[in-house]
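Chains as they are written, first to last, in the numbering used here: chain Y, 548 to 804; chain A, 548 to 804. Each residue gets a CB set at the ideal place from its N, CA and C atoms; glycine is no exception. On a predicted model such as this, the values are computed, not experimentally measured, just so you know. A short write-up of the structure that comes next.
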């Protein structure tokens, strides 16, 4: 397949490199021509910084830009690529954002944390594929299956729910650790003392239903301890942490009563 | 040392067994005599179910009962054990709870999740020791050092802050995974797709300051995505999850602005 990219950031870098092994990368677009050139050199492609220079003679255009730029980009490039399938690589953008402006559009979303230094294990990376029409879907599924053993044809609604769930399971869990560290730092207690408990907690939530793995004062309905903890946070003037403690404890209590 | 136990639950079981290797376990008390007998048999001790049968000729009494029973137990056994050091094993009970009722009292708290099936790696289990007087503290430190390489002499305030931090880092993180699973279950999406991200998140929070590892829409200040997520939860009538999403996002935004 002949494939071009809009964007030369982390996702474009990883995706262009692995796709260049079996496909021809035609152009890399970035507003920053130097950035486009850097990636283009590695995948034997042409670097461009102007939408007018886009070649229409390709099979697939991959938009790998920030979520908020996707709608703008598709509006600008669609006129040059009437018969070309255009996909975005975002977990949190509905297919309709492309579909409204371009008939042959789709999604090609790898569920991974990308950093420039680290190699991606593509075979085990879940890939989510979606398209406005069946022909494009078949083509994207072929491409996805050549990369990964874990290809899913989920709807936008399903993909978006996965992304929302990741906010809870990853971003919010991390913030829970951040709050924990603030509590012990304040009393000059070593945060690393909690490492074994944190590891065990994550491990247990992965091999069982996390609902069944719930422990702690709220789960036990231990009002004395909840009252004591709330007072401790109040005395330390941590109204922010107290609000979180109360809301989550109340919900855990209700879920397990 | 001659040591007796009040309680025959998980903590008493693990602690009595490992201490019996180098010390004499004299009595095991439980209101359930059968339970006391089961443990007593394994550590060559006498099982009792009546406080009046307590032998005073011991060096240490370890109270390993539920948090809310500690104050009651110390009141009942103190008259029989005037010259004996009495400790509790709780992470969330202040030393003063014992100190008010018994002069020679202390804390011997192992930071571990105890289950009856699993062996404890005592050498690497953090032990927290505290006492009302210096002589008892020295004695408890000796005992602790014979068990573990990680012995800490923290104040009650410090120990309680560690326990509160564990509620955030363990109980609340687990609830975040529970909420995530509810979100994907509702859309028939496989929760195990999130496993690699959850593992990576826990791993990163242990090798860096979790504040620096924060990611996600709130951290980036991405109001569009936050708005979309809030709407998704509202449409699915998940007011509980929406309340958590809004509170935590708002706090993460403030912390990283």
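Check                                                                                                                                                                       : Outcome
List the residues that DSSP assigns as beta-bridge partners of residue 674(A).                                                                                              : 657(A), 698(A)
In chain order, what residues of the same chain have a beta carbon less than 6 Å from the beta carbon of residue 621(A), not counting five sequence neighbours either side? : 645, 648, 649
Put residue 740(Y) into one of helix, strand or coil per three-state DSSP.                                                                                                  : helix
The beta strand (DSSP E) with residue 703(Y) in it runs from where to where?                                                                                                : Counting along the chain, residue 703(Y) falls outside any beta strand (DSSP E), though it belongs to the alpha helix (DSSP H) covering 703 to 713.
Looking at residue 672(A) and residue 688(A), is the spacing between their C-beta atoms short of 8 Å?                                                                       : no
Could you check if residue 761(Y) is buried or exposed, using at least 16 other CB atoms within 10 Å of its CB as the buried criterion?                                     : buried
Within 8 Å of any Cβ in chain C, is that where the Cβ of residue 708(Y) sits?                                                                                               : No chain C is part of this structure, whose protein chains are labelled Y and A.
Would residue 631(A) and residue 587(A) qualify as a contact pair, given that the criterion is a beta-carbon distance under 8 Å?                                            : no
Any chance the segment 747 to 766 of chain A sits against the segment 690 to 699 of chain Y, with 3 or more Cβ pairs inside 8 Å?                                            : no
Three Cβ pairs or more, each shorter than 8 Å: is that satisfied between the segment 742 to 751 of chain Y and the segment 785 to 795 of chain A?                           : no
Would you report the Cα separation of residue 625(Y) and residue 800(A), rounded to the nearest angstrom?                                                                   : 35 Å
Kindly identify the DSSP beta-bridge partner or partners of residue 635(Y).                                                                                                 : 610(Y), 654(Y)
If the cut-off is 7 Å on Cβ atoms, which residues from the segment 736 to 749 of chain A count as contacting chain Y, listed in chain order?                                : 736, 740, 741, 742, 744, 745, 746, 747, 748, 749
The beta strand (DSSP E) that contains residue 647(Y), what's its start and end?                                                                                            : Unbroken run through residue 647(Y): none, as it is neither H nor E.
Can you list, in chain order, the stretches of the alpha helix (DSSP H) that have 4 or more residues and sit fully within the segment 732 to 780 of chain A?                : 742 to 754, 764 to 767
Using a Cβ-Cβ cut-off of 6 Å (strictly less than) and excluding sequence neighbours within five positions of residue 779(Y), which residues of its own chain qualify?       : none
What is the rounded straight-line gap between the Cα of residue 655(A) and the Cα of residue 700(A)?                                                                        : 10 Å
Taking only beta-carbon atoms, is residue 698(A) less than 8 Å away from chain Y?                                                                                           : no
For residue 781(A), count neighbouring Cβ atoms within 10 angstroms of its own Cβ and tell me buried if that reaches 16, exposed if not.                                    : exposed
Starting from residue 573(Y), trace the alpha helix (DSSP H) both ways and give me its first and last residue.                                                              : First-last for residue 573(Y): 571 to 576, but that is the beta strand (DSSP E), not the alpha helix (DSSP H).
From what residue to what residue does the alpha helix (DSSP H) around residue 555(A) run?                                                                                  : Unbroken run through residue 555(A): none, as it is neither H nor E.
Quick check: the Cα distance between residue 556(Y) and residue 610(Y), rounded to an integer number of angstroms?                                                          : 11 Å
So which residues on chain A does residue 548(Y) lean against when the C-beta distance must stay under 8 Å?                                                                 : Chain A residues near residue 548(Y): none, gap ~26 Å exceeds 8 Å.
How would you list, in chain order, the residues of chain A whose beta-carbon sits under 7 Å from the beta-carbon of residue 621(Y)?                                        : Near residue 621(Y) there are no residues of chain A at all, since even the closest Cβ is about 16 Å away, more than 7 Å.
For my contact list, residue 576(A) and residue 596(A) are in at a C-beta cut-off of 8 Å; report their separation, rounded to the angstrom.                                 : 7 Å
Say whether chain Y places a C-beta atom closer than 8 Å to the C-beta of residue 761(A).                                                                                   : yes
Between residue 716(A) and residue 618(Y), how many whole angstroms is the CB-CB distance? I'm expecting something under 8 Å.                                               : No, residue 716(A) and residue 618(Y) are not in contact; Cβ-Cβ is about 39 Å, not under 8 Å.
Residue 719(Y) touches chain A at which residues, Cβ-Cβ below 7 Å?                                                                                                          : 723, 795
Rounded to the nearest angstrom, how far is the Cβ of residue 598(A) from that of residue 623(A), given a contact under 8 Å?                                                : 5 Å
Grab me the residues of residue 772(Y)'s own chain with a C-beta within less than 7 Å of its C-beta, minus the 5 sequence neighbours each way, in chain order.              : 764
Mind checking whether residue 551(Y) and residue 573(Y) have CB atoms under 8 Å apart?                                                                                      : yes
Can you tell me whether DSSP reads residue 593(A) as helix, strand or coil?                                                                                                 : strand
Just checking: is the beta-carbon of residue 771(Y) within a distance shorter than 8 Å of some beta-carbon in chain A?                                                      : yes
Are residue 653(Y) and residue 684(Y) closer than 8 Å when you measure CB to CB?                                                                                            : yes
Pop quiz: residue 642(Y) and residue 679(Y) are said to be a contact at Cβ under 8 Å. What is the actual Cβ separation, rounded to whole angstroms?                         : 7 Å
Identify which residue in 638(Y), 667(Y), 713(Y), 784(Y) has its Cα closest to the Cα of residue 730(Y).                                                                    : 784(Y)
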